[in-house]
Every structure is written in C-alpha cells, then in structure tokens.
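Here's the structure, in structure tokens; my notes come after.
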Amino acid sequence: MAALINVPSKAKRGDIVEIRTLTSHIMETGFRHTADGNLVPRNIITSFTCRYNGAEIFRADLFPAIAANPYLSFFAVVKESGKFEFEWIGDNGYSSAASASITVE
Amino acid sequence: MNTPVTRRSAALGIAVAATSLAAPSILRAQSMGQIVVIGGGFGGAACARALKRADAKLPVTLIEPNKTYISCPFSNEVIAGLREIEAQQFGYDKLAADGISIVAQAVTSIDTQKRRVTTDGGTAFGYDRLVLSPGIDFHPEALPGYDAAASETMPHAWKAGAQTLLLRRQLEAMADGGTVVVAIPANPSRCPPAPYERASLIAHYLKTKKPRSKVLILDAKDSFSQQRLFEKAWKELYGDMIERIALSQGGRVTSVDPATRTILTEFGNYTPDVANVIPPQRAGRIAGIAGTADTTGWCPIDPVTFESKLVPNIHVIGDACLGGGIPKSASAASAQGKACAGAIVALLAGRTPEAPRLTGICYDTVAPGYGFSLIGNYQPKGDIFAEVEGVATSPVDAPRELRAREAAEAERWFQTITANTFG
Numbered sequence: 001m002a003a004l005i006n007v008p009s010k011a012k013r014g015d016i017v018e019i020r021t022l023t024s025h026i027m028e029t030g031f032r033h034t035a036d037g038n039l040v041p042r043n044i045i046t047s048f049t050c051r052y053n054g055a056e057i058f059r060a061d062l063f064p065a066i067a068a069n070p071y072l073s074f075f076a077v078v079k080e081s082g083k084f085e086f087e088w089i090g091d092n093g094y095s096s097a098a099s100a101s102i103t104v105e
Numbered sequence: 001m002n003t004p005v006t007r008r009s010a011a012l013g014i015a016v017a018a019t020s021l022a023a024p025s026i027l028r029a030q031s032m033g034q035i036v037v038i039g040g041g042f043g044g045a046a047c048a049r050a051l052k053r054a055d056a057k058l059p060v061t062l063i064e065p066n067k068t069y070i071s072c073p074f075s076n077e078v079i080a081g082l083r084e085i086e087a088q089q090f091g092y093d094k095l096a097a098d099g100i101s102i103v104a105q106a107v108t109s110i111d112t113q114k115r116r117v118t119t120d121g122g123t124a125f126g127y128d129r130l131v132l133s134p135g136i137d138f139h140p141e142a143l144p145g146y147d148a149a150a151s152e153t154m155p156h157a158w159k160a161g162a163q164t165l166l167l168r169r170q171l172e173a174m175a176d177g178g179t180v181v182v183a184i185p186a187n188p189s190r191c192p193p194a195p196y197e198r199a200s201l202i203a204h205y206l207k208t209k210k211p212r213s214k215v216l217i218l219d220a221k222d223s224f225s226q227q228r229l230f231e232k233a234w235k236e237l238y239g240d241m242i243e244r245i246a247l248s249q250g251g252r253v254t255s256v257d258p259a260t261r262t263i264l265t266e267f268g269n270y271t272p273d274v275a276n277v278i279p280p281q282r283a284g285r286i287a288g289i290a291g292t293a294d295t296t297g298w299c300p301i302d303p304v305t306f307e308s309k310l311v312p313n314i315h316v317i318g319d320a321c322l323g324g325g326i327p328k329s330a331s332a333a334s335a336q337g338k339a340c341a342g343a344i345v346a347l348l349a350g351r352t353p354e355a356p357r358l359t360g361i362c363y364d365t366v367a368p369g370y371g372f373s374l375i376g377n378y379q380p381k382g383d384i385f386a387e388v389e390g391v392a393t394s395p396v397d398a399p400r401e402l403r404a405r406e407a408a409e410a411e412r413w414f415q416t417i418t419a420n421t422f423g
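Quick mapping for you: the protein sequence lines, in order, are chains A and B. With UniProt numbering applied, the first sequence corresponds to residues 1 to 105, in that order. With UniProt numbering applied, the second sequence corresponds to residues 1 to 423, in that order.
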C-alpha cells in the first residue's frame, strides 16, 4: 500500500495546517528472536522528511521503539501555493515517496 | 472541596432535607445481609437469580428501569430482517416469582458511606452488598460530533431496541447500489466480534435484496477476533461486497457530521447511504454515579470477588468491569454474575471466596446456516482475568455442514442463556 497523506487542498495565506502521514512498514526492532533462536534482523524506517516547494520544513529520525505503520502528524504555516513532498528512508535500502499539493488563497 | 455556604447552597440543603423527609421508606438490612443489584441484563439478572438460588431467604432487590429487557445477542439478525425484535424481548416475572424484589425505577444516587441507593421513584434501598451490572455507555468526548441526536441519523444500534429497528428501517429504505458503512471502535468494547457479524449479516441482506450495494467497514483496529474465519466467510459468501479499511490503512473514525451524514477518518471522508457508527464506549452511567470507574472509563475489580478496587461493598460485573482477557459478552456477564453471587454468599458467611474459573462462549453467524464459535476459559491473575487452557475455536477450513451445525448451536445457546436468565 502506498503511503496515506492528508493535506488540506486549500488554505488561506498564513494559515496553520495539519499534515498527516501514515506509511505501511513492519518496523522490525532487531531485538526479537525466532523460535529456533535466530535473531530477526532489524528492518525499520530510519528517517522521514517533508519538503515544501523544495525546502525542508520537517524531519524526523525513527528508532526501533516506534510501532509498525508509523503515523506522523505535524503542522506547517502556508504562505504560498505549492507542493509538499514526503520521503521515508530505511534499512535495506528502503525508500518511499509521496506528494500533495495545496492552493493558498 | 470546601465550598462556602451561600444562600443558594443553603436553600439547596433545605430542599435535599425535605426530600429525604418525604422518602423515609429506607428498606434496611436484615442481619443476614441485604443485596441490591442494579441492572437487569445478562449479568445482573443471572447474579440476582444465583444469589436467591444459593439462599432463598437472602433478601435480593433488582433495580432496572426497563420492564422489558431487549437482548443484544442475536439483534444483528433483527437488523438484517432475519428475526423480529419480539424474539429479543424478555420480562422479569420469573425473577419476581423466584422471590427477587423487582424495582422498575432508575437509580439517581448512591451513598457509598451510608450504603444506600436512591431511585427516581424517591425510594431508598439500604445494602450490605451492592452489585452493579450497568453495561456500557458511549464516550461523548471520544468521537466529536456523535451525540444522542446524531444517533438518530447515524444509528449505533449497540444497545438493542429502537436503535436496532432504526438501522433496519434505514437499510430497508436504501436504494440498490448504496453503500453501508459500519464504523468500528478500538477495544475494549462490548462484544468484540459482533461488529463483524453485523457487517456479514447486512451483506447477506444486501446480497438477497439489493445486490449492487456494498458494505464498507471503517475499523480502528488492525486485527480482530475470529478474523480468519470472518474473512474466509466473506470471500466465500459475499465476494467483494464487503470492504474493510483497517487502522493502518487509515480506517479509524475521528469525527462525524450528522447534518451531512459524513464520517471523517484521519485520511478521508465518507458519505454513505447508511451510516452505522459504533462509538467508543465506557462503563454504563451507574458506574459514574457509584464512583467505581477509573480514568479508563471502566471499573477496576478484584477478579475473585468482583468487588470494586475503588469503592468497598460494591461489586461490578459484566461489560462495565475491567476484565482483562475476558471479552465483554452476554455469556461472560452471565458467568461473572453467577461467580459474583458465589463470592457474596461466601463473604456474608465469613468465608474466603474461591477463585472462579469462567467460561465465555461466543457464536458468530455470518449468514443463515453459517456460524462459527469461540470458547475461552478465564481465571483471576493479579488484577484481571487471564485466558487459561481450554480455548476452542472453529477450524478455518471446515465443511459447510459444520458451519450449519454451529449456526443451529448458536440458536440453542441463545434459547438456553435466555431461559436460564429470564425464563
């Protein structure tokens, strides 16, 4: 499943808007063992970034204690119409991206 | 709290004194112990009966405002038009014949110091042991937009009766090709597999009467009770008629707008033709009056005696208690009611109650003649009930004859539990 994004389609100049993101990921901690004693290798998302018209406005580092399917919500002040771009990077070369546009009146 | 005495509160004090003078009929405890049970559902009625059965001379009062009890188990079949509401209705005549004093009034206050319950009829009932079986209420803050008025357009049908019939009428009025949303809250909630049974039986109704329609489940959970059995049955019986959006796909409902019949999740809006919104729950109203609910909204208990951890001499059974592993179901409430009665009889006799072993049975019917079941055993472990050995669930791969047999068993289970409780 692709990531879920919730960005308002419209806002007034200077509004504070809430941005919600959810991406499907197992977030395997790397601390668990299988029934036969082998370590289950770590497989997590390590970094999330949000850019607004190319400029980074929000970044989060993620760690093994974060549950599967990380849900992140944050706020931004919108001054001009444009595009939010989201990127998730993780173990084993994991990478996922999504975007959403907003019209500022 | 130290409130200064104003003229207003002094006047109120006089009014209260006048009321208590007008109602001097306090039925005081005999030496053997006066028991009051509040709530005449599967838990409270079973408890009152078990108390009377253990000792016919024990004075037991059951306070329940409704003269007719309407059963939630099997009410999903009423919604789907497979059963009439009359088959869900039970009275208290047989309990009265057992010698239980039935009071058809609503409780307005409980004085936990003086051990006295007052009703809207103005009567006060003294107790040595009080049993609360208040069921559930809806959490008004947990789902913005969803209040009593909203339930008239977006029925919950999570308390059987008028709501059950309203949801049925809405389904009957819907045009073919419509969408029915069933919005499901996170646990703990009353009867965890029941929302999925409901979605199944609604799909059965639609498949039979309005085959171009669909059921959309918006779910605040990722996994659920009997999931593999349900999903297999859905595929087998209803194809792609039932769609489910789980928590991690954005299925959690965050608010509703009854004016436009809109359901909002964290990632989308839905405006279905029929919106069955099952809101987040907490212990019933009486628990709030008694002060037995904690910040979770549910009532912590000692699982051996069901006595409240917060208020002495009050026992809480059924959906309202924090039971741990034991699901909130009619079968569990009935088992708890009987075990609680045993504990109270022991306590009154000065004996130490034995730790109960409870069995909960759950049947799910996904279509007429297609059922499956889950049986669990539970014992006290610390502050809660933990599941112990003896869990039995229907196999995921089974011939239709077994499903048909289990559907018939479900019906027999209902006849038995209602006969035991009310018959």
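We put the beta carbon where it would ideally sit given N, CA and C, even for glycine.
Could you check the C-alpha separation between residue i and residue j for me, to the nearest Å?
i: residue 60 of chain A; j: residue 87 of chain A; result: 11 Å
i: residue 53 of chain B; j: residue 415 of chain B; result: 21 Å
i: residue 111 of chain B; j: residue 117 of chain B; result: 6 Å
i: residue 100 of chain B; j: residue 49 of chain B; result: 8 Å
i: residue 353 of chain B; j: residue 159 of chain B; result: 33 Å
i: residue 51 of chain B; j: residue 300 of chain B; result: 22 Å
i: residue 381 of chain B; j: residue 336 of chain B; result: 15 Å
i: residue 409 of chain B; j: residue 128 of chain B; result: 40 Å
i: residue 29 of chain A; j: residue 93 of chain A; result: 16 Å
i: residue 378 of chain B; j: residue 305 of chain B; result: 14 Å
i: residue 39 of chain A; j: residue 248 of chain B; result: 26 Å
i: residue 90 of chain B; j: residue 423 of chain B; result: 8 Å
i: residue 261 of chain B; j: residue 154 of chain B; result: 7 Å
i: residue 49 of chain A; j: residue 56 of chain A; result: 7 Å
i: residue 340 of chain B; j: residue 132 of chain B; result: 11 Å
i: residue 280 of chain B; j: residue 77 of chain A; result: 33 Å
i: residue 42 of chain B; j: residue 417 of chain B; result: 8 Å
i: residue 2 of chain A; j: residue 23 of chain A; result: 7 Å
i: residue 330 of chain B; j: residue 44 of chain B; result: 11 Å
i: residue 11 of chain A; j: residue 17 of chain A; result: 8 Å
i: residue 6 of chain A; j: residue 264 of chain B; result: 12 Å
i: residue 405 of chain B; j: residue 362 of chain B; result: 15 Å
i: residue 98 of chain B; j: residue 58 of chain B; result: 11 Å
i: residue 228 of chain B; j: residue 396 of chain B; result: 7 Å
i: residue 360 of chain B; j: residue 45 of chain A; result: 41 Å
i: residue 152 of chain B; j: residue 65 of chain B; result: 22 Å
i: residue 83 of chain B; j: residue 77 of chain B; result: 6 Å
i: residue 75 of chain B; j: residue 168 of chain B; result: 10 Å
i: residue 145 of chain B; j: residue 65 of chain A; result: 34 Å
i: residue 34 of chain A; j: residue 63 of chain A; result: 21 Å
i: residue 130 of chain B; j: residue 334 of chain B; result: 17 Å
Quick one: what's residue i bridged to in DSSP?
i: residue 127 of chain B; result: DSSP lists no partner for residue 127 of chain B.
i: residue 96 of chain A; result: A:88
i: residue 379 of chain B; result: B:386
i: residue 89 of chain B; result: B:70
i: residue 80 of chain A; result: Looking at the DSSP assignment, residue 80 of chain A forms no beta bridge with any residue, so it has no partner.
i: residue 249 of chain B; result: In the DSSP output, where bridge partners are listed per residue, residue 249 of chain B has none listed.
i: residue 164 of chain B; result: Bridge partners of residue 164 of chain B: none, in fact.
i: residue 230 of chain B; result: Answer is none; residue 230 of chain B lacks a bridge partner.
i: residue 33 of chain A; result: A:39
i: residue 374 of chain B; result: B:362, B:393
i: residue 4 of chain A; result: A:22
i: residue 98 of chain B; result: Paired residue(s): none; residue 98 of chain B is not in a bridge.
i: residue 63 of chain B; result: B:38, B:103
Item to check | Cβ contact check for the stretch 316-323 of chain B and the stretch 281-299 of chain B: 3 or more pairs under 8 Å | outcome: They touch, by the three-pair rule.
Item to check | the stretch 55-74 of chain A / the stretch 91-104 of chain A touching (three or more Cβ pairs under 8 Å) | outcome: No, the stretch 55-74 of chain A does not touch the stretch 91-104 of chain A.
Checklist entry - When Cβ atoms are compared, which residues of the stretch 340-362 of chain B fall closer than 8 Å to chain A? => result none
Next on the checklist: With three or more beta-carbon pairs closer than 8 Å as the criterion, would you say the stretch 71-82 of chain B touches the stretch 123-130 of chain B?
Outcome noted: They do not touch, by the three-pair rule.
Next on the checklist: I'd like to know if the stretch 260-273 of chain B and the stretch 175-188 of chain B are in contact, where contact means that at least 3 CB-CB pairs between them fall below 8 Å.
Outcome noted: Contact holds: three or more Cβ-Cβ distances are below 8 Å.
Item to check | Three or more C-beta pairs below 8 Å linking the stretch 342-353 of chain B and the stretch 382-402 of chain B | outcome: The stretch 342-353 of chain B vs the stretch 382-402 of chain B: no contact.
Next on the checklist: With three or more C-beta pairs closer than 8 Å as the rule, is the stretch 254-261 of chain B touching the stretch 159-171 of chain B?
Outcome noted: no
Checklist entry - Quick one: any contact between the stretch 323-335 of chain B and the stretch 137-151 of chain B, if contact means 3 or more CB pairs under 8 Å? => result no
Next on the checklist: Closer than 7 Å between beta carbons: that is the criterion. Which residues of the stretch 10-33 of chain A meet it against chain B?
Outcome noted: 20, 22, 24
Item to check | Residues within the stretch 247-275 of chain B neighbouring chain A, beta-carbon criterion of under 7 Å | outcome: 248, 249, 250, 266, 267
Checklist entry - In the stretch 267-319 of chain B, which residue ranges form an unbroken beta strand (DSSP E) of at least 3 residues, counting only runs that do not cross its ends? => result 274-277, 281-283, 314-316
Item to check | the stretch 195-208 of chain B / the stretch 228-240 of chain B touching (three or more Cβ pairs under 8 Å) | outcome: yes
Next on the checklist: Please identify, using Cβ separations under 9 Å, the residues of the stretch 60-72 of chain A that lie next to chain B, in order along the chain.
Outcome noted: 68, 69, 71
Item to check | 4 or more residues per run - each alpha helix (DSSP H) lying fully within the stretch 170-241 of chain B | outcome: Listed in chain order, the complete alpha helix (DSSP H) runs (minimum 4 residues) inside the stretch 170-241 of chain B are 194-209, 227-238.
Next on the checklist: For the stretch 37-52 of chain A, list every residue whose C-beta sits within 8 Å of some C-beta in chain B, in sequence order.
Outcome noted: none
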